[in-house]
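Quick notes on the structure that follows.
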Amino acid sequence: MAAITPFNFPLNLVAHKVGPAIAAGCPIILKPAPQAPLTALMLGALLAKANLPEGAFSVLPCENDVAQVLATDERVAVISFTGSDSVGWHLRELAPRKTVLLELGATPP
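Residue numbers 145 to 253, in this note's numbering, belong to the letters of the sequence shown in order.
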């Protein structure tokens, strides 16, 4: 699973994606917003001490264009995105055969 989170509420919105994935035993790659990666990295450091199976949780701090790679990579079966509607629908178009979960807000100006 790839989880792509926005800059606002960095812990809350990350936890809403990471918690259920870990509870279900689903490996997750978290791609935080470039403006707010520190909270996700700190959570990753805590989870590294939690005795999870290897590869259960990864944080990928990077620019937004990498999200397209996550959307098209055949190893990623589920994409969960919170952010603008234009980006969300674009990711959905890139992954027509995947489960794509969108929590959309407004299109930035």
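Here a beta-carbon is modelled for each residue, glycine too, at the ideal position from N, C-alpha and C.
Asked, Found
"Just checking my contact of Pro176 with Val203 at CB under 8 Å: how many whole Å lie between their CB atoms?", "7 Å"
"Look up Ala239 in the DSSP assignment and say whether it is helix, strand or coil.", "coil"
"Helix, strand or coil for Leu191, going by three-state DSSP, please let me know.", "helix"
"Answer with buried or exposed for Ala194, where buried requires no fewer than 16 other C-beta atoms within 10 angstroms of its C-beta.", "exposed"
"If distances are taken between C-alpha atoms only, which option among Phe201, Leu182, Leu196 comes closest to Val162?", "Phe201"
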